[in-house]
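Residue numbers (my numbering): 65 to 358.
Pasting the structure below:
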């Protein structure tokens with residue numbers, strides 16, 4: 065593996081990233097007409113790949129983009145495993161990026177007629193979790209949700225998310241929590257959970273949020289451990305009364321929130337339910353530790 069020329073997979077071909085080319089007529093480039101997924105990998109093992117692929121297929125079907133054969137038959141997951149190996153990203157932690165656009169065609173707002181082959185792109189990158197924030201907690205800001213009303217589709221149209229994340233960056237915080245009509249929805253790239261009186265609450269899986277793979281898994285882990293959970297939105301006014309607040313995401317894991325707009329949440333440190341779910345998720349992600357290991 066040449067670290068200066070990692071391989072990618074584009075439209076059925078493995079090639080160095082520096083040689084990958086996409087047409088300027090690609091509708092992903094011109095219109096943002098496409099969907100994507102980010103997978104997590106630990107020592108070459110992808111976490112929850114079926115859930116990611118199911119969400120990708122659902123997004124493609126919703127946007128009426130032809131589902132590529134490699135996605136329909138599952139062979140693209142083997143391509144991802146080969147990329148991890150070829151790039152040397154199967155020895156630690158990595159992310160896998162998968163993007164599918166409607167394809168390349170003369171620019172018209174309506175779909176190309178006749179149908180065209182979609183563009184399929186896959187790459188891998190090394191990844192290092194934010195263990196510092198997972199241990200101490202991260203600060204967030206509130207930000208108005210200016211996205212379209214179909215945020216449940218994981219499209220490449222991310223400009224409102226980018227502007228929200230930049231606002232968080234400008235404020236020297238980790239994340240922007242999106243608010244619509246006085247309700248907390250999700251982060252710019254995360255799902256949001258509050259804990260009040262021992263009950264975990266998060267916005268219901270609806271069109272205004274992306275139903276995160278990690279979100280669903282954390283809810284299942286919480287219920288398995290007897291933690292009551294409600295898929296019920298939090299009002300902004302309730303944030304001050306929360307005992308705990310945390311974020312989830314493919315590259316976020318379970319990350320406690322210590323402050324929002326400068327206001328301390330709970331004790332300002334990761335709470336007991338957040339810690340419980342962090343441990344449960346780490347075990348789910350990394351596997352049960354070897355009791356005989358040093």
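Beta carbons: idealized from backbone N, C-alpha and C, even for Gly.
- Secondary-structure assignment with DSSP links residue 184 through a beta bridge to 164.
- Following the DSSP letters along the chain, one finds residue 241 inside the beta strand (DSSP E) bounded by residues 239-244.
- Residue 100 and residue 226 have their C-alpha atoms some 15 angstroms from each other.
- Within the segment 261-316, the complete alpha helix (DSSP H) segments at least 4 residues long are 277-288, listed from N- to C-terminus.
- It is roughly 9 angstroms from the alpha-carbon of residue 320 to the alpha-carbon of residue 203.
- In the assembly as shown, residue 253 is a buried residue. Its beta-carbon has 16 or more other beta-carbons within 10 Å.
- In the three-state reduction of the DSSP assignment, residue 102 falls in the strand class, which pools E and B.
- Contact between the segment 244-253 and the segment 182-195 is absent: fewer than three C-beta pairs spanning the two stretches fall below 8 angstroms.
- The C-beta distance from residue 119 to residue 277 rounds to 7 angstroms, short enough to fall under 8 angstroms.
- In this structure, the beta-carbon distance from residue 98 to residue 219 falls below 8 angstroms.
- Per DSSP, reduced to three states, the secondary structure at residue 207 is strand.
- Excluding the 5 residues flanking it on each side, residue 89 has same chain C-beta neighbours closer than 8 angstroms at 168, 169, 170, 171, in chain order.
- Rounded to whole angstroms, residue 199 and residue 342 show a C-alpha spacing of 10 angstroms.
- Under the 8 angstroms Cβ criterion, the segment 140-149 counts as touching the segment 68-77, having at least three qualifying pairs.
- Annotation: the continuous alpha helix (DSSP H) that includes residue 338 extends over 336-350.
- Pairwise C-beta distances place the segment 149-160 out of contact with the segment 280-294, as fewer than three of them are shorter than 8 angstroms.
- Contact between the segment 290-297 and the segment 260-271 is present, with at least three C-beta pairs closer than 8 angstroms.
- The beta-bridge partner set that DSSP reports for residue 70 is empty.
- Under the three-state reduction of DSSP, residue 95 is assigned to helix.
- Sorting 129, 185, 155 by C-alpha distance to the C-alpha of residue 177 places 129 at the top.
- Going by beta carbons, residue 292 and residue 263 fall inside the 8 angstroms limit.
- If the five residues before and after residue 306 are omitted, its C-beta is found closer than 8 angstroms to the C-beta atoms of 258, 259, 260, 298, 329, 330, all from its own chain and listed in chain order.
- Residue 339 has its alpha-carbon roughly 15 angstroms from the corresponding atom of residue 288.
- Ranked by Cα distance from residue 314, the first of 104, 95, 96, 72 is 104.
- Nearest in C-alpha terms to residue 350, of all of 81, 80, 211, 111, is 111.
- Residue 252 sits in coil when the DSSP states are folded into three classes, being neither helix nor strand.
- Sorting 317, 240, 94, 165 by C-alpha distance to the C-alpha of residue 208 places 240 at the top.
- Burial state of residue 317 is buried, judged by a 10 Å Cβ sphere holding 16 or more other Cβ atoms.
- Each of 102, 333, 272, 82 was checked against the Cα of residue 215, and the nearest Cα belongs to 272.
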